[in-house]
Amino acid sequence: MTGQALYELAMDILALRFPDGDIPVSCEDMTGRALGLINLLIAENAFLDARLKKTDPAVSPITALTDEIGQSAEIVSRAMPYGLASLLILNENATVASLLHGLYTAALNEVSHSYGAGIAPIREVY
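Oh and the sequence shown: position 68 is 200 in my numbering, straight run, nothing missing.
Written out as structure tokens, the structure is:
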């Protein structure tokens, strides 16, 4: 998925896109912040992505919204739209941002549990 596609999904969640798919001019500030916020989400999810791929953690930021996001499709498509929507709306409506952040973390938990990156008890080894 590209950064632009992720941004459009987040704007759909926020109901800030016209039926024809265009983003209102009044949302230019959100468009300007989208790239940095997507890179923040990429960094935040690098460890989970590495666990899913069974590789070492690596952060691969995107440089333009047209770039492909290199993380697991499950993270990008199921969780990141809610995370990005939460970050985009945070300054305007903290209540909605909190609700969306809850959906984001729930989606991350679901992804991590369904792909073997589950919670296990801590064992003491001497």
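Ideal Cβ positions, reconstructed from N, Cα and C, are used throughout, including at glycine. Owing to the predicted nature of the structure, the values given are computational and were not obtained by experimental measurement.
Query: Rounded straight-line distance, which links the Cα of G135 to that of S209; Result: 11 Å
Query: Per-residue burial, I207 [other beta carbons within 10 Å of its own, 16 or more giving buried]; Result: buried
Query: Secondary structure of E91, DSSP reduced to three states; Result: The shown model of the chain, from 133 to 258, leaves out residue 91, and the question about it has no answer.
Query: V191 beta carbon less than 8 Å from that of I170; Result: no
Query: Secondary structure, alpha helix (DSSP H): runs of 4+ residues fully inside the region 156-212; Result: 160-176, 178-185 and 205-210
Query: Residues of its chain near L138, where Cβ-Cβ distance is below 7 Å and the 5 sequence neighbours each way are ignored; Result: I170, I201, V208, M212, P213 and L216
Query: Rounded separation between M133 and I194 - CA only; Result: 12 Å
Query: Counterpart residues of T134 in DSSP-defined beta bridges; Result: E200
Query: For L148 and V228, the rounded distance between their alpha carbons; Result: 14 Å
Query: Span of the alpha helix (DSSP H), counted from its first residue to its last, around L272; Result: Since the first residue of the chain shown is 133 and the last is 258, residue 272 is not available in this structure.
Query: Where L146 falls: helix, strand or coil (DSSP); Result: coil
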